[in-house]
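Residue numbers (the numbering used here): 52 to 551.
Even for Gly, the Cβ is constructed at its ideal location relative to N, Cα and C.
This structure is a prediction, so every number in the text was calculated from the model and none was measured.
Working notes, beginning with the structure itself.
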Amino acid sequence: MKDLYEALQDYAASDWYRFHMPGHKGNLQLMQDIYAIDITEIDGFDDLHHAEGILLEAQQRAAELYGSEETFYLVGGSTSGILSSVFAACRRGDHILAARNCHKSVYHAIELNQLVPHWLFPTYDSSRGIFGSVSPESVKRELEKDPDIRAVILTSPTYEGIVSDIRTIARTVHEHGAVLIVDEAHGAHFGMHPQLPENALSLGADFVVCSLHKTLPSLTSTALLHVNGPLADRDRLKKYMAMFQTSSPSYVLMAGMDRCIRLLAEKGPALFETYMGMVEEARFRLKQMQALHLLDGTETSPGCFAFDRSRFTITTENSSLSGNGLYAAVRERFHLQPEMAGESHTVFITSPADTQEGFTRLTDALCSLDLDETSRERKLSGGENSSVEIQKASGEDYRSAEFQNSFTVQNIPAEFPNPETVLLPGQAVEETAGEQVPLDECTGRVSLDYVYLYPPGIPLLVPGERVTQQVTDRIRLWRNLGFALHGMKDRTGRLLTVCI
Ligand SMILES: Cc1ncc(COP(=O)(O)O)c(C=O)c1O
């Protein structure tokens with residue numbers, strides 16, 4: 052059996068093209084001899100948690116590039132930056148306003164710091180399975196309802212590339228004396244080209260977390276935490292960054308971040324000009340598709356303030372494919388590895404390390420699948436099978452003979468569930484009276500666990516919430532579509548619940 056290194060080498064040498072993170076794509080290599088430079092905090096090489104020398108200068112270079120007052124290197128991904136900034140902004144038991152489509156790390160911070168959460172539900176497009184922007188009005192409304200809210204946290208851009216109106220939201224949050232944390236994990240490249248959205252930092256956020264590794268040429272788990280303004284408590288932040296990260300940060304990761312920042316400072320404009328040229332050409336071709344749809348933020352639903360044009364999110368609501376089906380199809384037939392699939396969409400991550408060949412392979416593959424789908428739809432509308440209702444084709448189905456002959460329609464619950472909170476997440480996870488209950492018997496009981504798909508890691512159910520029929524319907528839908536769910540206790544789909 053191959054070991055991990057051998058398996059990775061095989062992948063690197065194969066014809067697979069990567070439309071997933073990390074953003075260097077195995078293509079833009081900014082360092083060599085990784086073993087030779089892997090050291091620890093020896094003399095002359097500073098200490099990330101008390102940076103005064105070479106690491107301080109490196110972080111200052113990042114701050115200058117992004118225009119922040121202070122920027123900190125993270126070696127534990129955006130996850131560690133989100134945990135640290137929530138802990139910096141909120142004391143134990145404080146009230147926090149969080150967008151419900153936040154990454155699981157936000158929920159973990161709420162759980163660990165025993166915070167009282169209020170949820171913001173962005174609009175949701177059920178046919179595409181995509182959340183829209185967070186509206187400034189909804190933020191204002193929630194802040195007026197509870198003057199004790201200390202911090203507001205939201206994700207912008209989303210995994211699918213949807214951006215919120217951070218400028219107005221920041222103004223609103225500050226008028227209420229709260230702190231704004233923006234999870235910009237997928238937007239480390241924002242502000243690098245006029246066709247890309249501005250970064251949240253320049254729009255007034257106090258803490259901004261971005262994953263360098265997702266969209267820029269940087270190694271996996273590297274990220275930055277930017278801080279601006281008087282509301283961000285730097286001392287608390289530093290304390291928690293040291294707690295939530297290793298005391299031995301990798302010099303390979305940090306050197307890689309510095310290389311990435313230097314590349315952007317020296318060659319960023321030219322690099323992004325070429326990259327965005329390829330992006331726009333690919334978008335132009337993909338806009339001609341008929342059955343598949345390239346998201347561009349102009350759709351009336353789910354409502355989008357701005358959009359990241361470098362993110363290729365393909366929605367499948369007018370085709371026979373589920374998001375998972377499209378994911379499997381591009382893998383099987385074209386050796387393209389997407390980043391992730393949702394109910395009715397598939398996400399392809401692009402970056403300045405992508406090549407023209409990569410973009411051509413992506414557009415050829417999607418146009419070819421679109422052609423198949425369009426002729427299938429034509430046959431369906433003229434054929435005798437048009438009234439037959441069959442499940443959406445999932446990843447598993449794609450390979451099956453039945454799939455090749457199946458015509459499909461959607462059966463997706465209209466709304467993203469908003470379950471009642473019975474216990475605070477921090478209380479629910481400490482509950483000892485839980486039992487594992489089959490999914491069919493969960494309705495009405497209180498979940499003691501999270502249930503989510505990873506990626507994207509947005510919980511459908513949070514500890515302490517009452518399970519509803521809507522929740523169990525969606526769990527069943529996800530399982531039918533072939534997704535692996537986190538949080539279910541076993542393969543038969545038992546949930547850890549408590550009866551209250
Ligand atoms: C919106 C969002 N925030 C935060 C994270 C965590 O980022 P990281 O993997 O850098 O820890 C992710 C990961 O996918 C994410 O999608």
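For the segment 112-160, the continuous alpha helix (DSSP H) assignments of 4+ residues that do not extend past its boundaries occur at 128-140, in sequence order. In the DSSP assignment, TYR326 falls within the alpha helix (DSSP H) that extends over 302-337. At a cut-off of 7 angstroms, the beta-carbon of HIS264 counts as near ligand 1: some heavy atom of the ligand is closer than that. Here the C-alpha atom of GLU121 lies approximately 34 angstroms from the C-alpha atom of TYR503. Ranked by how close their Cα comes to the Cα of ALA392, the residues PRO300, THR366, ASP216 have THR366 in first place. Counted as a single uninterrupted DSSP element, the stretch harbouring GLU226 is not any beta strand (DSSP E) but the alpha helix (DSSP H) occupying residues 217-226. The three-state reading of DSSP puts TRP529 in helix, counting H, G and I together.
Non-local beta-carbon contacts of GLY183 in its own chain, meaning distances under 8 angstroms to residues more than five positions away in sequence, involve PRO173, THR174, TYR175, ASP176, ILE213, SER352, PRO353, GLY354, CYS355 in chain order.
The straight-line gap separating the alpha-carbon atoms of SER131 and VAL233 is approximately 14 angstroms.
For ASP216, the CB stays at least 7 angstroms from every heavy atom of ligand 1. Contact annotation: THR543 and VAL488 have beta-carbon atoms that are not nearer than 8 angstroms.
Three or more beta-carbon pairs drawn from the segment 476-485 and the segment 508-519 are found closer than 8 angstroms, and the two stretches are therefore classed as touching. Cα atoms of GLY118 and ALA139: separation of roughly 21 angstroms, rounded to the nearest angstrom.
One thing to note: HIS154 has its Cβ no nearer than 8 angstroms to the Cβ of GLY374. According to the DSSP secondary-structure assignment, SER498 is paired through a beta bridge with THR548. Within the segment 240-273, the complete alpha helix (DSSP H) segments at least 4 residues long are 263-266, listed from N- to C-terminus. Within the chosen limit of 7 angstroms, ligand 1 reaches the beta carbon of ILE133 through at least one heavy atom. Cβ-Cβ distances below 6 angstroms link PRO506 to MET391 in the same chain, with the five nearest sequence neighbours on each side left out; the list follows chain order. Going by beta carbons, HIS237 and PRO208 fall inside the 8 angstroms limit.
Take ARG69, set aside five residues on each side of it, and the residues of its chain with a beta-carbon closer than 7 angstroms to its own are LYS76, GLY77, GLN388, in chain order. PHE96 and PRO300 have their C-alpha atoms roughly 12 angstroms apart. Straight across, the Cα-Cα distance linking GLN341 with LEU422 is about 8 angstroms. With a cutoff of 7 angstroms, THR130 counts as near ligand 1, since its C-beta is closer than that to a heavy atom of the ligand. Buried is the label assigned to PHE399, since at least 16 other Cβ atoms lie within 10 Å of its Cβ. Annotated three-state conformation of ARG201 is strand, per DSSP.
Assigned with DSSP and collapsed to three states, ARG360 falls in coil, not helix or strand. Per DSSP, reduced to three states, the secondary structure at PRO173 is coil, with no helix or strand assignment. In the structure shown, ALA229 falls within a coil segment according to DSSP collapsed to helix, strand and coil. Where GLU424 is concerned, the enclosing alpha helix (DSSP H) starts and stops at 407-433. Using a 10 angstroms sphere on the CB of ARG384, the tally of other CB atoms stays under 16, which defines it as exposed. Here the distance from the Cβ of PRO489 to the nearest heavy atom of ligand 1 is not below 7 angstroms.
With respect to LEU163, ASP145 sits apart: the two C-beta atoms are not nearer than 8 angstroms. MET391 is bridged by DSSP to VAL398. In the three-state DSSP reduction, THR523 falls in the helix class (H, G or I). Counting along the chain, LEU512 sits inside the beta strand (DSSP E) bounded by residues 510-512. Take the alpha-carbon of ALA306 and the one of ALA379: they are about 36 angstroms apart.
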